[in-house]
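>
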Amino acid sequence: MFTGIIEDLGQVEELVRLTDSARLRIRTALPIGDVALGASIAVNGVCLTLVEHHETAASSHSFTADVMAETLSRSSLGTLTPGAPVNLERAMPADGRLDGHIVQGHVDGTGTIIERQPGERWEVVTIALPDDLARYVAEKGSIAVDGTSLTVTAVTDDPASFSVALIPETLARTTLGAATPGTTVNLEVDVIAKYVERLTTAKIGSRA
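Quick note on numbering: UniProt numbering labels position 61 of the sequence shown as 61, and the sequence is numbered without any gaps.
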């Protein structure tokens, strides 16, 4: 499990496409050698399994993760190129602080940035999303955008979109600071909303 609090802006070194998957190599300032092989790490909000450590300079490290075909089709990871920045977060320890919200790293789909409105110290960013995800997004609720835990500030139904306000810290420490209109972003809606819908639907169905 993750919290949506980005720990580092990593950099893609290589994306090798295989028959039904891909291998992604990323450079990071995190002490990734302390992360066990087989452990989880979130890359732009996608939970991946770390499969290799690589020896690098003392101030930086790199790792490789496998990306399955399903992940490539449902997220933006397949479009990454060498040099691209990526949001990184290691899995939250059991005794850690839940500073953001519950993020599983299971991307529900992608959205597209359609507008940025700069303010004096922050920016309001509006993102279009698929209609089948719109019902899970509520004003003042939580959503993960490229793995970043954000609070929804406004919702529009037709066309389906939502807005978030990015504070200076988020602008400086995540990929969202430089993301321009037209950029594709990974979206993970609040898992609690999905469970509520599932339970409610099952209950109504049992009464039919």
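Glycine included, C-beta positions come from ideal geometry on N, C-alpha and C. Every value quoted in this text rests on a predicted model; they were computed, and no experiment measured them.
1. Am I right that T151 and I127 are in contact with their C-beta atoms under 8 Å? What's the rounded C-beta distance?
2. If you compare alpha carbons, which of V189, L77, L176, V43 is closest to Y136?
3. How is A88 classed by DSSP in three states: helix, strand or coil?
4. Between S40 and T49, is the Cβ-Cβ spacing less than 8 Å?
5. So, under 8 Å CB-CB, T81 and V124 are touching, yes? Tell me the CB distance rounded to an integer number of Å.
6. Would you say T64 touches the ligand MG, meaning its beta carbon is less than 7 Å from a heavy atom?
7. What does H61 pair with, by DSSP beta-bridge criteria?
8. Return yes when the Cβ of L133 is within less than 8 Å of the Cβ of L72, no when it is not.
9. My understanding is that E7 touches L30, with C-beta atoms under 8 Å, so please give their C-beta distance in whole angstroms.
10. Buried or exposed: R27, going by 16 or more other Cβ atoms within 10 Å of its Cβ?
11. Indicate the three-state DSSP secondary structure (helix, strand or coil) for S163 in the structure shown.
12. Opposite D66 in the DSSP bridges: which residues?
13. For V43, which beta-bridge partners are listed by DSSP?
14. Since I believe V145 is in contact with residue 287 (beta carbons under 8 Å), could you give me their beta-carbon distance rounded to a whole number of angstroms?
15. Quick one: what's got a C-beta closer than 7 Å to W122's C-beta in the same chain, skipping five residues either side?
16. When DSSP labels each residue in this structure, what does L37 get in the three-state scheme?
17. What did DSSP end up calling R173 once you bin it into helix, strand or coil?
18. My assumption, with CB atoms under 8 Å, is that A22 sits in contact with V67. Please give the rounded CB distance.
19. Roughly how many angstroms lie between the CA atoms of T174 and R198, to the nearest whole one?
20. To the nearest angstrom, how far is the alpha carbon of V155 from that of I192?
Taking the geometry as given:
1. Residue 151 sits at position 151 when you count from the first residue of the sequence shown. Residue 127 sits at position 127 when you count from the first residue of the sequence shown. The distance from the Cβ of T151 to that of I127 is about 13 Å, inconsistent with a contact at the 8 Å cut-off.
2. As a first step, residue 136 is located in the sequence shown; it is residue number 136 there, counting from the start. The shortest Cα separation from Y136 among V189, L77, L176, V43 belongs to V189.
3. Taking the sequence shown and counting its residues from 1, the one referred to as residue 88 is at position 88. Checking the sequence, you will find Leu at residue 88 rather than Ala. DSSP places L88 in strand when its eight states are reduced to three.
4. Position 40 of the sequence shown, counted from the first residue, corresponds to residue 40. Position 49 of the sequence shown, counted from the first residue, corresponds to residue 49. Their beta carbons are under 8 Å apart, which means S40 touches T49 by this criterion.
5. Numbered from its first residue, the sequence shown carries residue 81 at position 81. Numbered from its first residue, the sequence shown carries residue 124 at position 124. The distance from the Cβ of T81 to that of V124 is about 28 Å, inconsistent with a contact at the 8 Å cut-off.
6. As for the ligand MG, it is missing from this structure, which has no ligand bound.
7. For the purposes of this step, residue 61 is taken as residue 61 along the sequence shown, with counting starting at 1. Paired residue(s): T28.
8. Start at 1 with the first residue of the sequence shown, and residue 72 comes out as number 72. Start at 1 with the first residue of the sequence shown, and residue 133 comes out as number 133. L72 is not a Cβ neighbour of L133, given a cutoff of 8 Å.
9. By one-based count along the sequence shown, residue 7 stands at place 7. By one-based count along the sequence shown, residue 30 stands at place 30. Yes, they are in contact, since the Cβ atoms of E7 and L30 sit about 6 Å apart, within 8 Å.
10. Start at 1 with the first residue of the sequence shown, and residue 27 comes out as number 27. Buried is the call here.
11. As a working note, residue 163 is residue 163 in the sequence shown. S163 sits in a strand when the DSSP states are folded into three classes.
12. Working through the sequence shown from its first residue, we reach residue 66 at position 66. Partner(s): R23, T49.
13. Against the sequence shown, residue 43 aligns to sequence position 43. Beta-bridge partners of V43 (DSSP): V46, L88.
14. The chain is shown from 1 up to 208; residue 287 falls before or after that span and cannot be answered.
15. Stepping through the sequence shown from its first residue, residue 122 is reached at position 122. Closer than 7 Å at the Cβ level, and outside the excluded window around W122, lie A165, L166, I167, P168.
16. Walking along the sequence shown from the start, residue 37 turns up at place 37. Three-state result, L37: coil.
17. One-based indexing of the sequence shown puts residue 173 at position 173. The answer is helix: DSSP assigns R173 an H, G or I state.
18. Here residue 22 corresponds to residue number 22 of the sequence shown, with the count starting at 1. Here residue 67 corresponds to residue number 67 of the sequence shown, with the count starting at 1. Between the beta-carbon of A22 and that of V67 there is about 4 Å, and that keeps the pair under the 8 Å contact cut.
19. Counted from its first residue, the sequence shown places residue 174 at position 174. Counted from its first residue, the sequence shown places residue 198 at position 198. The alpha-carbon atoms of T174 and R198 are separated by roughly 32 Å.
20. Translated into the one-based positions of the sequence shown, residue 155 becomes position 155. Translated into the one-based positions of the sequence shown, residue 192 becomes position 192. When rounded, the distance between both Cα atoms is 18 Å.
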